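See structure below.
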């Protein structure tokens, strides 16, 4: 749309947009505000200003251990879901085999299945298989939950790539693998990056699946946060939350800088 | 540059029991340019892609210089291919695009740079090496694609509707240019097109395809002047087609009765043919005023009324209606001093033509 809104229409549009932004952002801003409150309980409006809760959180060994676990888990999940999701997307878009549509529907299914059920089902399967390592179980669970995001973003960007580009590369002497690396991947880089970021973020704050697969030894951030919330609801919880919010923002800004977020999500 | 002979031997391709290419055998002589011509869905593109190695035939083989290529993967076949939408790599510059094939062949950077320079010269884009494809016009992009295909010194050049996306004027000048270059390099070339003018302009040999099968193979003149089927007669250029019965035989020829007012004299007809179809090209017919030619009841001549008259610059099109309702299309070349159309709509005229213009088509 080239025409710019003006007059009364513009006023309505901007008001509604501003309202929506406020609706989405207000809870986050609230959390950030109470995290610097100089009181022993979470109160609003915050009283005074202090960074002591951040100091406390950053010295809390449980929290730091959980952060380390969550970041490693999210990185592993990102790698795993990209390794599974990109070839799967390629097969879904370029392939031509019996049951393609059914498989497509199935691979995207965790997006509609409740994560809670997925987590429980995974726990049962992994227990039956005798998989005892919570870290491995978490990795498997998170890859299952996140690869549909990767598949979805990569499928949409792959659909925009002209197949003739690949054919041209092959006639020029590139085998399929070289063609993928040198020709296809540069075209879908934004989709892959967006899928990877989704995978990282979804893994990092996933609660429903994590809840089933974690144990007392290996608890990712969302579980630690919840435990803390139940025990003592002091401003260290909002401080932890703020750290996570900032991480998410950095991730989004990074993606915007690297490939352009609008390009990545338009895919 | 080497010239290769390409031979297709009983090539077939089926998709889920639909036959796309049905038993195609064809030999393309070294250095020739052959056009696969036909409507969309006739299997011409599938044929080209099987020659390239992008599609695996269901049965049959592709030979290049008598070497069986059917099992050789596309990236080892050394074919240069041009696509309708150019298929330039958008993330690479013009130079990098052209260098791609050289890089895949492991040619040293210095040699590659020299060859890229030569290729850019060949396609007259020397000053465009550092640009990206999106910064070029359609014609320039196709030149880059041509340079990219030629720089690898391919065994053959395959063109998949290469000029289809260009506008008319540019397309025609590119046709002539591409043909001249192909001749100069002596490169065996196979092109796919649905545009009969393109096929007539560029090809040594035209292969008309229909429903996956070869309909007729021949030079432009053969295909145009002596179509072997109604399909070819209608697909290549415009044609007046008359169905009739042999009325009287004279030597190797015959008089064919089309309607009460129209009979045709043909010079050559098979002795067994009785029920035939005759094609007459619109430009072979002369339109005259009534009364100018008193013997109107001779063969190859008919009274008609002008139904539509269209002035098209160097040529005028007349659509005539005969008394029994038949339509005759006439193309008449305009003279430079002529003031518009020679006949008006509704005018009674006589259409006549010479016997050699009557071409008998076998009826299927």
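Chains as they are written, first to last, in this note's numbering: chain A, 1 to 267; chain B, 268 to 631.
Beta carbons are placed, not taken as given, at the ideal position from N, Cα and C, and that holds for glycine.
Source: prediction; values computed, not measured.
Quiz item: Going along the chain, which residues of its own chain have a beta-carbon closer than 6 Å to the beta-carbon of residue 2 of chain A, five neighbours each way excluded?
Solution: Confidence at residue 2 of chain A is low in this model, with a pLDDT of 47, below 50, so the placement of that residue should be treated as unreliable; the coordinate-derived value is given next. The same chain holds no residue with a CB closer than 6 Å to that of residue 2 of chain A once the five nearest residues on each side in sequence are set aside.
Quiz item: Rounded to a whole number of angstroms, what is the C-alpha to C-alpha distance between residue 605 of chain B and residue 536 of chain B?
Solution: Taking the straight line joining both Cα atoms gives about 39 Å.
Exercise. Can you have a look at residue 388 of chain B and say buried or exposed, based on whether 16 or more other CB atoms are within 10 angstroms of its CB?
Key: Residue 388 of chain B comes out exposed.
Self-check item: Extent of the continuous beta strand (DSSP E) to which residue 276 of chain B belongs
Solution: 273-282 is the span of the beta strand (DSSP E), which, as asked, contains residue 276 of chain B.
Self-check item: When B:501, B:402, B:429 are compared against residue 628 of chain B, the one with the closest alpha-carbon
Solution: Closest by alpha carbon: B:501.
Quiz item: Using 8 Å as the Cβ pair cut-off and three pairs as the minimum, do the segment 133-151 of chain A and the segment 340-349 of chain B touch?
Solution: Result no; under three Cβ-Cβ pairs closer than 8 Å.
Quiz item: Considering only residues of the same chain and omitting the five flanking positions on each side of residue 123 of chain A, which have a CB-CB separation below 7 Å?
Solution: Here the set comprises 212, 213.
Quiz prompt | is_contact[residue 342 of chain B, chain A] using C-beta, thresh 8 Å | solution = Yes, because at least one Cβ of chain A sits closer than 8 Å to the Cβ of residue 342 of chain B.
Quiz item: Can you find a CB in chain A that lies within less than 8 Å of the CB of residue 273 of chain B?
Solution: False, the Cβ-Cβ gap to chain A never drops below 8 Å.
Quiz item: Comparing the C-beta of residue 137 of chain A with each C-beta of chain B, is any distance below 8 Å?
Solution: Using a Cβ-Cβ cut-off of 8 Å, residue 137 of chain A does not count as an interface residue toward chain B, since no Cβ of chain B sits closer than that to its own.
Quiz item: Closest Cβ-Cβ distance between residue 25 of chain A and chain B: below 8 Å?
Solution: Residue contact with chain B for residue 25 of chain A: absent (no Cβ-Cβ distance below 8 Å to any residue of chain B).
Exercise. Quick one: grab the DSSP three-state call for residue 600 of chain B.
Key: Strand.
Quiz prompt | residue 52 of chain A - DSSP class collapsed to helix/strand/coil | solution = If DSSP states are grouped into helix, strand and coil, residue 52 of chain A belongs with the helices.
Quiz item: Roughly how many whole angstroms lie between the Cα atoms of residue 203 of chain A and residue 256 of chain A?
Solution: Each residue's CA atom was taken as its position, placing residue 203 of chain A and residue 256 of chain A some 20 Å apart.
Quiz prompt | Contact residues within the segment 159-174 of chain A, judged by C-beta distance below 8 Å to chain B | solution = Along the segment 159-174 of chain A, going in chain order, the ones with a CB nearer than 8 Å to a CB of chain B are 162, 164, 165, 167, 168, 169, 170, 171, 172, 173, 174.
Practice problem: Under 8 Å Cβ to Cβ from residue 306 of chain B, same chain only, skipping five residues before and after it: list those, please. | Solution: Around residue 306 of chain B: 461, 477, 502.
Quiz item: Do you know offhand how far residue 617 of chain B's Cα is from residue 542 of chain B's?
Solution: Our two residues, residue 617 of chain B and residue 542 of chain B, have alpha carbons roughly 26 Å apart in a direct line.
Quiz item: residue 495 of chain B to residue 623 of chain B, Cα distance in whole Å?
Solution: If you take the alpha carbons of residue 495 of chain B and residue 623 of chain B, they lie about 16 Å apart.
Practice problem: Determine the direct distance from the alpha carbon of residue 350 of chain B to that of residue 432 of chain B, and round the result to whole angstroms. | Solution: Residue 432 of chain B and residue 350 of chain B have their C-alpha atoms roughly 10 Å apart.
Quiz item: Which residues, taken in chain order from the segment 83-98 of chain A, show a beta carbon closer than 7 Å to some beta carbon of chain B?
Solution: Per Cβ criterion, the list is empty.
Quiz item: When the cut-off is 8 Å and only beta carbons count, does residue 183 of chain A lie next to chain B?
Solution: Yes, residue 183 of chain A lies at the interface with chain B (some Cβ there is under 8 Å from its Cβ).
Practice problem: Could you tell me which chain A residues have their CB closer than 7 Å to the CB of residue 346 of chain B, listed as they occur along the chain? | Solution: The contacting residues are 171.
Self-check item: Contact list for residue 368 of chain B against chain A, beta-carbon separation under 7 Å
Solution: Simply 172, 173.
Quiz item: Is residue 255 of chain B helix, strand or coil by DSSP?
Solution: Nothing can be reported for residue 255 of chain B, as the shown portion of chain B is limited to 268 through 631.
Practice problem: Go ahead and pull the three-state DSSP assignment for residue 313 of chain B. | Solution: Here residue 313 of chain B sits in helix by DSSP.
Quiz item: What distance in whole Å lies between the Cβ atoms of residue 295 of chain B and residue 455 of chain B, which are believed to be in contact at a cut-off of 8 Å?
Solution: Confirmed, Cβ separation roughly 6 Å.
Practice problem: Quick one: grab the DSSP three-state call for residue 99 of chain A. | Solution: Three-state result, residue 99 of chain A: coil.
Quiz prompt | Contacting residues, own chain, Cβ-Cβ under 7 Å from residue 521 of chain B (five flanking each side not counted) | solution = So the list reads 513, 515, 533, 536, once near-sequence residues are dropped.
Quiz item: Are the C-beta of residue 371 of chain B and some C-beta of chain A separated by less than 8 Å?
Solution: Residue 371 of chain B counts as touching chain A.
Quiz item: How would you list, in chain order, the residues of chain A whose beta-carbon sits under 9 Å from the beta-carbon of residue 415 of chain B?
Solution: By Cβ distance, chain A contributes 168, 172.
Quiz prompt | Delimiting residues of the beta strand (DSSP E) encompassing residue 457 of chain B | solution = Taken as a continuous stretch (DSSP letters only), the beta strand (DSSP E) holding residue 457 of chain B covers 456-460.
Quiz item: For residue 186 of chain A and chain B, any beta-carbon pair shorter than 8 Å?
Solution: So, interface residue.
Quiz item: Quick one: what does DSSP say residue 509 of chain B is sitting in, helix, strand or coil?
Solution: In this structure, residue 509 of chain B counts as strand in the three-state DSSP scheme.
Quiz prompt | Three-state secondary structure (DSSP) of residue 614 of chain B | solution = When secondary structure is reduced to three states using DSSP, residue 614 of chain B falls in the coil class, being assigned neither helix nor strand.
Self-check item: Residue from B:426, B:427, B:364 with nearest C-alpha to residue 382 of chain B
Solution: Among B:426, B:427, B:364, the Cα nearest to that of residue 382 of chain B belongs to B:364.
Quiz item: Between the C-alpha atoms of residue 89 of chain A and residue 80 of chain A, what's the straight-line distance to the nearest angstrom?
Solution: Looking at the backbone, the Cα of residue 89 of chain A and that of residue 80 of chain A are separated by about 14 Å.
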